[in-house]
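Colleague:
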Amino acid sequence: MKKHINTLKKKLKNYNSKLNEECGVFGISNIEDASALTALGLHALQHRGQEGCGIVTFDGKQYYSEKRFGLVGDNFNKEKILKRLKGNFAIGHNRYSTTGSNTLRNIQPFFADTNAGGIGVAHNGNLTNSIYLRNKLVEDGAIFYTTSDTETIVQLIAKSKRVKTIDKVVDAIFQVQGGYALVMLTQKSLIGVRDPYGIRPLVIGKLKNSYVLTSETCALDIIGAKFVREVENGEIVLIENDKLESIKPFPPKKARPCVFEYIYFARPDSILNGKTAYEHRKNLGIELAKENNIDADIVVPVPDSGNAAALGFAQHLRKNYEHGLIRNHYVGRTFIEPSQKIRSLGVKLKLNANQTTIKNKKIVLIDDSLVRGTTSHKIVKMLYEAGAKEVHVKIACPEIRYPDFYGVDTPTRKELLAANKTNSEICEYIGAKSLNFLSIDGMYRAIGFDRRNENYPQLTDHYFTGEYPVKPVDELGDNKITQLSLLNTTSNN
Ligand code: AMP
0 MKKHINTLKK KLKNYNSKLN EECGVFGISN IEDASALTAL GLHALQHRGQ
50 EGCGIVTFDG KQYYSEKRFG LVGDNFNKEK ILKRLKGNFA IGHNRYSTTG
100 SNTLRNIQPF FADTNAGGIG VAHNGNLTNS IYLRNKLVED GAIFYTTSDT
150 ETIVQLIAKS KRVKTIDKVV DAIFQVQGGY ALVMLTQKSL IGVRDPYGIR
200 PLVIGKLKNS YVLTSETCAL DIIGAKFVRE VENGEIVLIE NDKLESIKPF
250 PPKKARPCVF EYIYFARPDS ILNGKTAYEH RKNLGIELAK ENNIDADIVV
300 PVPDSGNAAA LGFAQHLRKN YEHGLIRNHY VGRTFIEPSQ KIRSLGVKLK
350 LNANQTTIKN KKIVLIDDSL VRGTTSHKIV KMLYEAGAKE VHVKIACPEI
400 RYPDFYGVDT PTRKELLAAN KTNSEICEYI GAKSLNFLSI DGMYRAIGFD
450 RRNENYPQLT DHYFTGEYPV KPVDELGDNK ITQLSLLNTT SNN
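Position one of the sequence shown corresponds to residue 0 (numbering that gives the first Met the number 0), numbered consecutively onward.
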């Protein structure tokens, strides 16, 4: 019996990990070439997910949908396919998936016909009560077509007894919990939703008279749209006839955007809270330097994730910044690979030591974060093999000790190095001469907040503190068995 329960638990773990998606969303209303503009927006958001992409459009009469595995540039690059996506209204999605089977049907946007008309939904984030809701919906007779938590939202919208689509959306949103940013396309409107804490990002832009909703401002820049503002936490924006209406159905809450967007996730040129992510990351490097002065010959970033922090670090201490590692740009992000074995191979595929620059040098190696330690372990070894005298690793964020449940792909606690090892044990594991992390105070200062402020915490920072603003109901609850049978069905596809 115990063995059986363990097998079920293992299956459940795989099932849950499928739900964790980072992803990028884009939507544009009332404009010619909506599908091409959406493809460009998704291309700018490619760093948020490379597994699959999709676009749904509406031409006033009918919806059109195209979904593909792989990159936007490889799939939405032909006039023929963009022409098939007719209409002046479009939404799109880049999918990031962690492990397990991956089927075309899990690629978004999703589409549903409701009694108020069709609706397309693109979602970035992760619902923390989706298994619970899904079980209830299945008990009530709902049939699920995908393993994605986004379908739960679609089903809730379709099931709502309210008459107007926007009311159906509000109905659905009231039931879901977690971190989410949604862009939806109805027959009359473009709708954007950001979760009550604003954990996942969503911004508003304008191109001529048309509104744009997207995950990051870099997707506005690519199409020449102007940044208007962020969608506020807990806000729903309804865009109809080139007018934007703001709806705030939730009791007001303090905004707590995800700190990992600042540290790693957002593209460096995207604006977060008034500054580019690049500037925030340079500040993380400056705070790291203030806390950890060191006598070294050169400062070397782990490209590209450590570039900005290393520059801030080097400039603050007036040290030489050198590219001691060269990156092959034709390899995706290391994390994208599904298994640990392939993942560690990926580091070698991606980076190589720049030999003459590092030979006999005392190096400070800077990265944005340390998760499983795979990257640092490989790189430190690589630098020593190429002749480095000393390698001191400095990480521009605090120790990651707790997993994420709101849409960022972090492993379980068991795999998080800092959750299980002391600083000196980690240092020994990665083979460095010394190792330092930025303090939580330093991280807050770098991003422009103060931990002593009564408003603290101004960010969702559970990675370091274990304090989760939204309880992960599915993780804690007893809602899992129904899902396991579903897992068996879908994994055969
Ligand atoms: P690790 O090699 O497991 O220690 O992971 C750290 C490396 O992965 C760093 O270079 C980060 O830039 C990168 N990283 C951190 N978090 C994520 C994430 N959620 N998705 C993809 N890459 C990540």
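Glycine residues also receive a C-beta, built at the ideal position from the N, C-alpha and C atoms.
1. Cβ-heavy atom distance between G372 and the ligand MN below 7 Å?
2. Assuming A89 contacts I54 (C-beta within less than 8 Å), just tell me the rounded distance between them.
3. Just to check, is the beta-carbon of Y263 closer than 7 Å to a non-hydrogen atom of the ligand AMP?
4. Taking 7 Å as the cut-off, is the beta-carbon of V368 closer than that to any non-hydrogen atom of the ligand AMP?
5. Could you spell out the range, first to last residue, of the alpha helix (DSSP H) harbouring K205?
6. The ligand AMP and V299: does any heavy atom of the ligand fall closer than 7 Å to the residue's C-beta?
7. So the candidates are Y320, K289, L283, S304; which of them puts its Cα closest to the Cα of D296?
8. Three or more C-beta pairs under 8 Å: does that hold for the segment 220-240 against the segment 194-201?
9. Compute every distance between the C-beta of V407 and the non-hydrogen atoms of the ligand AMP, then say whether any falls below 7 Å.
10. Under the three-state reduction of DSSP, which class applies to F334: helix, strand or coil?
11. Alpha helix (DSSP H) containing I429: first to last residue?
12. With DSSP run on the structure shown, which of helix, strand or coil describes V392?
13. Figure out for me which residue from K360, Q186, K393 has the closest Cα to the Cα of A385.
14. How is the beta strand (DSSP E) around T145 delimited, first residue to last?
15. Going straight from the alpha carbon of N13 to that of Y277, what length do you get?
16. Starting from the Cα of A307, find the closest Cα among N291, E150, L287 and give me that residue.
17. As a quick exercise: from G177, R266, N123, F110, pick the residue whose alpha carbon is nearest that of Q154.
18. Pick out whichever of S438, H328, G51 has its Cα sitting closest to the Cα of S368.
19. Roughly how many angstroms lie between the CA atoms of D170 and L136, to the nearest whole one?
20. Should the segment 72-79 be called in touch with the segment 248-266, which here means at least 3 C-beta pairs below 8 Å?
21. Under three-state DSSP, which class holds V236?
22. Bridge partners for H315 per DSSP, in chain order?
23. Please name the residue, chosen from G26, M381, G465, that lies closest to L189 on a Cα-to-Cα basis.
24. Count the other CB atoms within 10 Å of the CB of T373; is the residue buried (16 or more) or exposed (fewer)?
25. Under 6 Å Cβ to Cβ from F68, same chain only, skipping five residues before and after it: list those, please.
26. Given a cut-off of 8 Å on the beta-carbon distance, is the pair H122 and Y179 in contact?
27. Who does N435 pair with in a DSSP beta bridge?
28. Inspect the beta-carbon positions of Y405 and T464 and report whether they are closer than 8 Å.
29. Among the candidates Q457, H322, D294, whose CA atom is the shortest distance from the CA of P302?
30. What does DSSP give as the partner residues of E244 in its beta bridges?
31. Taking DSSP's pairing of strands, which residues face Y95 in a bridge?
32. Here's the rule I'm using: 16 or more other beta-carbon atoms within 10 Å means buried, otherwise exposed. How should G452 be labelled?
33. Going along the chain, which residues of its own chain have a beta-carbon closer than 8 Å to the beta-carbon of A43, five neighbours each way excluded?
34. Along the chain, where does the alpha helix (DSSP H) containing N134 start, and where does it finish?
35. Hey, would you say V392 sits closer than 8 Å to A431, going by beta carbons?
36. Is the closest heavy atom of the ligand AMP to the C-beta of S438 under 7 Å?
Modeller: Reading off the structure:
1. The ligand MN is not among the ligands present in this structure, which contains only the ligand AMP.
2. Along the sequence shown, read from residue 1 onward, the residue named residue 89 stands at position 90. Along the sequence shown, read from residue 1 onward, the residue named residue 54 stands at position 55. Yes, they are in contact, since the Cβ atoms of A89 and I54 sit about 6 Å apart, within 8 Å.
3. Stepping through the sequence shown from its first residue, residue 263 is reached at position 264. Yes, since a heavy atom of the ligand AMP falls inside the 7 Å radius drawn around the Cβ of Y263.
4. For the purposes of this step, residue 368 is taken as the residue at position 369 of the sequence shown. It is worth fixing the name first, because residue 368 is Ser in this sequence and not Val. Within the cutoff, so yes.
5. Numbered from 1 along the sequence shown, position 206 holds the residue referred to as residue 205. Unbroken run through K205 is the beta strand (DSSP E), 202-206; no alpha helix (DSSP H).
6. Stepping through the sequence shown from its first residue, residue 299 is reached at position 300. No, the ligand AMP has no heavy atom inside 7 Å of this Cβ.
7. For the purposes of this step, residue 296 is taken as residue 297 along the sequence shown, with counting starting at 1. Selected option, being the one with the closest Cα: Y320.
8. yes
9. What you label residue 407 is simply residue 408 of the sequence shown in a count that begins at 1. It does: the Cβ of V407 is within 7 Å (strictly closer) of some heavy atom of the ligand AMP.
10. Here the question's residue 334 lines up with position 335 in the sequence shown. Here F334 scores only 48 on pLDDT, less than 50, and its place in the model is too uncertain to base an answer on.
11. Within the sequence shown, residue 429 is the residue found at index 430, counting from 1. First-last of the alpha helix (DSSP H) with I429: 422-429.
12. Stepping through the sequence shown from its first residue, residue 392 is reached at position 393. V392: strand per DSSP, three-state reduction.
13. Working through the sequence shown from its first residue, we reach residue 385 at position 386. When each option's Cα is compared against that of A385, the closest is K360.
14. Numbered from 1 along the sequence shown, position 146 holds the residue referred to as residue 145. Counting along the chain, T145 falls outside any beta strand (DSSP E), and DSSP gives it neither H nor E.
15. The residue you call residue 13 lines up with position 14 of the sequence shown. The residue you call residue 277 lines up with position 278 of the sequence shown. Summary for N13: the model assigns pLDDT 39, below 50, so the residue's position carries little reliability; its value from the coordinates is reported in the next sentence. Their Cα atoms are separated by approximately 34 Å.
16. Along the sequence shown, one-based indexing puts residue 307 at 308. The candidate whose alpha carbon is nearest that of A307 is L287.
17. Indexing the sequence shown from 1 puts residue 154 at position 155. Looking only at G177, R266, N123, F110, the smallest Cα-Cα distance to Q154 is reached by F110.
18. Translated into the one-based positions of the sequence shown, residue 368 becomes position 369. Minimum Cα-Cα distance from S368 among the listed residues S438, H328, G51 corresponds to S438.
19. Within the sequence shown, the letter at position 171 stands for residue 170. Within the sequence shown, the letter at position 137 stands for residue 136. Approximately 14 Å, taken between the alpha carbons.
20. no
21. Working through the sequence shown from its first residue, we reach residue 236 at position 237. Strand.
22. Position 316 of the sequence shown holds residue 315. Residue pairing by DSSP places H315 opposite no residue, since no beta bridge is assigned to it.
23. As a working mapping, residue 189 is identified with position 190 in the sequence shown. Of the listed residues, the one whose Cα sits closest to L189 is G26.
24. Indexing the sequence shown from 1 puts residue 373 at position 374. When all chains shown are included, T373 counts as buried.
25. In the sequence shown, residue 68 corresponds to position 69, counting from 1. Here the set comprises G51.
26. Here residue 122 refers to the residue found at position 123 of the sequence shown. Here residue 179 refers to the residue found at position 180 of the sequence shown. A contact, by the Cβ cut-off of 8 Å.
27. What you label residue 435 is simply residue 436 of the sequence shown in a count that begins at 1. Residue pairing by DSSP places N435 opposite K393 in a beta bridge.
28. Here the question's residue 405 lines up with position 406 in the sequence shown. Here the question's residue 464 lines up with position 465 in the sequence shown. No, they are not a contact pair.
29. Taking the sequence shown and counting its residues from 1, one reaches residue 302 at position 303. Among Q457, H322, D294, the Cα nearest to that of P302 belongs to H322.
30. Taking the sequence shown and counting its residues from 1, one reaches residue 244 at position 245. E244 is bridged to L237.
31. Looking up residue 95 in the sequence shown gives position 96. DSSP, once it has assigned bridges, lists no residue as partnering Y95.
32. The count along the sequence shown starts at 1 and reaches residue 452 at position 453. Here the sequence assigns Asn to residue 452, which means Gly is not the residue at that position. The residue is exposed, with fewer than 16 neighbouring Cβ atoms inside 10 Å.
33. Within the sequence shown, the letter at position 44 stands for residue 43. The answer, listed in chain order, is E215, C217, A218, D220, I221, R266.
34. As a first step, residue 134 is located in the sequence shown; it is residue number 135 there, counting from the start. Where N134 is concerned, the enclosing alpha helix (DSSP H) stretches over 129-138.
35. Position 393 of the sequence shown holds residue 392. Position 432 of the sequence shown holds residue 431. A contact, by the Cβ cut-off of 8 Å.
36. Against the sequence shown, residue 438 aligns to sequence position 439. No, the ligand AMP has no heavy atom inside 7 Å of this Cβ.
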